[in-house]
Structures are given as structure tokens and as C-alpha cells.
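**Q** Counted the way this note's numbering counts, the sequence shown spans residues 40 to 316.
Heads up, the beta-carbon is just placed ideally off N, CA and C, and yes, glycines get one too.
Attaching a single structure in C-alpha cells format; questions to follow.
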Amino acid sequence: MSTQTPVTLAVANQKGGVAKTTSVASIGAALAELGHRVLLVDLDPQACLTFSLGIDPEDLELSVHHVLTKGVDPAETIIETEDGVDVLPATIELARAEADLLTRTGREHVIKGALEQLADDLGDEAYDWVLLDCPPSLGVLTVAALTAADGVLIPLQCETLSHRGVGQLLDTVHDVRRFTNRGLEVWGVLPTLYDGRTNHARTVLETISDTYDLEVVEPPIPKTIKFAEAPAAGRSILSTSRSSKGAQAYREVAENLVKRAARPKTKAAKKLSARRR
């Protein structure tokens, strides 16, 4: 399946432990099941996404670090996985990238530039979707990911303390819109680690939606041990536990994201994009 231009979605939350990497791997696999060509980009120096897809970061000679700081061709670095998605992997070296990029002119555009180069190289074989797994911080790499993205999805654990950082992330999104990516849209919050037996979880969701005026991407992702088992197998939950509630929830989320991608841009984003040109 091919679209005219890839949809680039940053999955971001500076708070760890919100199932961000699990969401990237699972949504990617679900999109691949729907027939889309999918690239996952691991931007976290901990390389959890890379590891969870069955790749040992310590065995890699080339990684996203070399693409962003050394100018290595991204096509040379991409690895195919058994889940039907490709990955641009990370290693611990990426921890140095923040410092390497800090003094570089145009550092906010390094990921955007790499993805544009990749799309040009691949031509008709270009990806339909690119999912960016952002590090748990609001540093250079996250800003560069937001600069490259069409939209941002915010995974959020349904607990009161977990949404304290949402305002900071939205402030960063606002700054990115002003300075480096006027067309960036917030696609919404993805509720994760959801325990439907508690009123508290639903209340937290409603609070977030009202406080920040954000859409909630449905359905909520249930809390299940199946998610912990998947990375150990080097696959996503869609492979290790195909019929589980968690796998099915991510399939529905992927279908809803495809619909969201087809939606016209908001007036504000259109105006900003027009002004940018």
C-alpha cells in the first residue's frame, strides 16, 4: 500500500513508564498488518525499541546516531524485523548525540532531513508511516522529532501523577510550531496501562481531555502482563499474543490513526503551513 507522502508521527512523553515504546512497536506492527510500509525510528539512547524488536544494540556497527551526527545514509542503517516493520535502530552512543548536536546549526532539522533523504532514495518504495519513538526528555532529539513530524501522539498512563508533564510537553509543541514546524498537530492522548475496573482511570482521562483540550485516542490500552512478555521474545504483542485484549486494542488504535491521517488539517495548521511556504 502506498500513500503520496509518508505520515510521520512522533510518540512522545518525557515521563518514562507510560508504555511509549510498547505503543510504537505495537502500532507499527498493526499498521503493517493493514498493509502499510512502516519505519520505526528509535531515538532513545536506552534502545528499548531496538531491543524489543529482537535486535541486540551491542551488535550494531551503524545506528541512528551515525545518521544524525555523522551523515551516514539512513538506508544503510535500516534493519528489517520479523514483525513486518523496518527499524532505524539506536545504541547507547545516541546519548552523545544531544551534546554533538547542541552546537550544530539547524540541529532541529536533522531528523527531518534524514527522513526526506530516505524518501528521495526509496522513491516509489517509500514508507507509508514513520513512527518516531522519542526519548523520555524534552531535549534536542525530541524537538528534532517534533520538527520532523506531522503529528504527535502522547501515551499517558491513567494515573493522576502521570499527566503532570503534559503541560510541559504541550509548551514544547507550541514552541516547535512557532519556530521549526508550523504544521505540527497534536493528534491526542493515548490512554495506556488502563484498568477499566477503576473509576479513577476514567476520571483521569476526562480531566486531561478537559484541562488540555486534547482528543483521546480510543480504545484505552489495557494493563496486561502480555506486554512484558513480548520484548523478551523480540516481537510485538501482535505476534506473541495475537488474540489478546492488548493486541486487539492496538489494532483498533492503528485503524483510528489511519482515519486521523486522512482528516484535513485544522485551520490553524493550514494557516501556519501556508505562511511557512
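Give me the residue from D210, S282 and C87 with the minimum Cα distance to T130.
**A** For the purposes of this step, residue 130 is taken as the residue at position 91 of the sequence shown. Ranking D210, S282 and C87 by Cα distance to T130 puts C87 first.
**Q** Got a sec? Which residues, its chain only, sit under 7 Å from K151 by beta carbon, not counting five neighbours each side?
**A** Sequence index remark: in the sequence shown, residue 151 carries index 112 (1-based). Contacts found: T186 and A187.
**Q** Would you list, in sequence order, the uninterrupted beta strand (DSSP E) runs of no fewer than 3 residues that lie entirely inside the segment 61–125?
**A** Within the segment 61–125, the complete beta strand (DSSP E) runs of at least 3 residues are 77–81.
**Q** On a Cα-Cα basis, can you pick out the residue from E147, S62 and V126 that is closest to L229?
**A** Your numbering for residue 229 matches position 190 in the sequence shown. That would be S62, whose Cα lies nearest to the Cα of L229.
**Q** Is K262 helix, strand or coil when you go by DSSP?
**A** Counted from its first residue, the sequence shown places residue 262 at position 223. Three-state result, K262: coil.
**Q** Quick check on the burial criterion: 16 or more other C-beta atoms within 10 angstroms. Buried or exposed for T237?
**A** What you label residue 237 is simply residue 198 of the sequence shown in a count that begins at 1. So T237 counts as exposed.
**Q** If we count the other Cβ atoms within 10 Å of its Cβ and call it buried at 16 or more, is H105 buried or exposed?
**A** Within the sequence shown, the letter at position 66 stands for residue 105. With 16 or more other Cβ atoms within 10 Å, it is buried.
**Q** Can you name the residues that DSSP bridges to G227?
**A** The residue given as residue 227 occupies position 188 in the sequence shown. The partner list for G227 (beta bridge, DSSP) reads L192.
**Q** Could you pull out every residue in the same chain whose Cβ sits closer than 8 Å to the Cβ of A71, ignoring the five residues on either side in sequence?
**A** Here residue 71 is taken as the residue at index 32 of the sequence shown, counted from 1. Excluding positions up to five away in sequence, the list reads V77, D122, G123 and V124.
**Q** Which runs of the alpha helix (DSSP H) at least 4 residues long sit entirely within the segment 133–178? Give them in chain order.
**A** 133–141 and 149–161, all fully within the segment 133–178.
**Q** Decide if T116 is buried, meaning its Cβ has at least 16 other Cβ atoms within 10 Å, or exposed.
**A** For the purposes of this step, residue 116 is taken as residue 77 along the sequence shown, with counting starting at 1. By the 10 Å Cβ count, T116 comes out buried.
**Q** Work out the CA separation of A158 and P128 for me, nearest whole Å.
**A** In the sequence shown, residue 128 corresponds to position 89, counting from 1. In the sequence shown, residue 158 corresponds to position 119, counting from 1. The alpha-carbon atoms of P128 and A158 are separated by roughly 18 Å.
**Q** Quick check on T231: buried or exposed, where buried means 16 or more other Cβ atoms within 10 Å of its Cβ?
**A** In the sequence shown, residue 231 corresponds to position 192, counting from 1. Buried: at least 16 other Cβ atoms inside 10 Å.
**Q** Classify S102: buried if its beta carbon has 16 or more other beta carbons within 10 angstroms, exposed otherwise.
**A** Along the sequence shown, read from residue 1 onward, the residue named residue 102 stands at position 63. By the 10 Å Cβ count, S102 comes out buried.
**Q** Have a look at V256 and Y233 and give me their C-alpha separation to the nearest angstrom.
**A** Looking up residue 256 in the sequence shown gives position 217. Looking up residue 233 in the sequence shown gives position 194. Straight-line Cα distance between these residues: approximately 13 Å.
**Q** Any idea if A264 is buried or exposed, counting beta-carbon neighbours within 10 angstroms, 16 or more meaning buried?
**A** Along the sequence shown, one-based indexing puts residue 264 at 225. It is worth fixing the name first, because residue 264 is Ile in this sequence and not Ala. Classification for I264: exposed.
**Q** Under DSSP, the alpha helix (DSSP H) around L232 begins and ends at which residues?
**A** Here residue 232 refers to the residue found at position 193 of the sequence shown. First-last for L232: undefined, no H or E at that position.
**Q** Would you kindly check if the distance between the Cβ of L177 and the Cβ of T142 is under 8 Å?
**A** Residue numbering aside, residue 142 sits at position 103 when the sequence shown is read from its first letter. Residue numbering aside, residue 177 sits at position 138 when the sequence shown is read from its first letter. It is not a contact, given that the beta carbons lie outside the stated cut-off.
**Q** Out of G162, T44 and L92, point me to the one whose CA is closest to E268's CA.
**A** Against the sequence shown, residue 268 aligns to sequence position 229. The shortest C-alpha separation from E268 is found at L92.
**Q** What is the rounded straight-line gap between the Cα of L79 and the Cα of W168?
**A** For the purposes of this step, residue 79 is taken as the residue at position 40 of the sequence shown. For the purposes of this step, residue 168 is taken as the residue at position 129 of the sequence shown. Taking the straight line from one Cα to the other gives about 8 Å.
**Q** Return the residue from the list T108, T120, A165 and G206 that minimises the CA-CA distance to A138.
**A** Position 99 of the sequence shown, counted from the first residue, corresponds to residue 138. Among T108, T120, A165 and G206, the Cα nearest to that of A138 belongs to T108.
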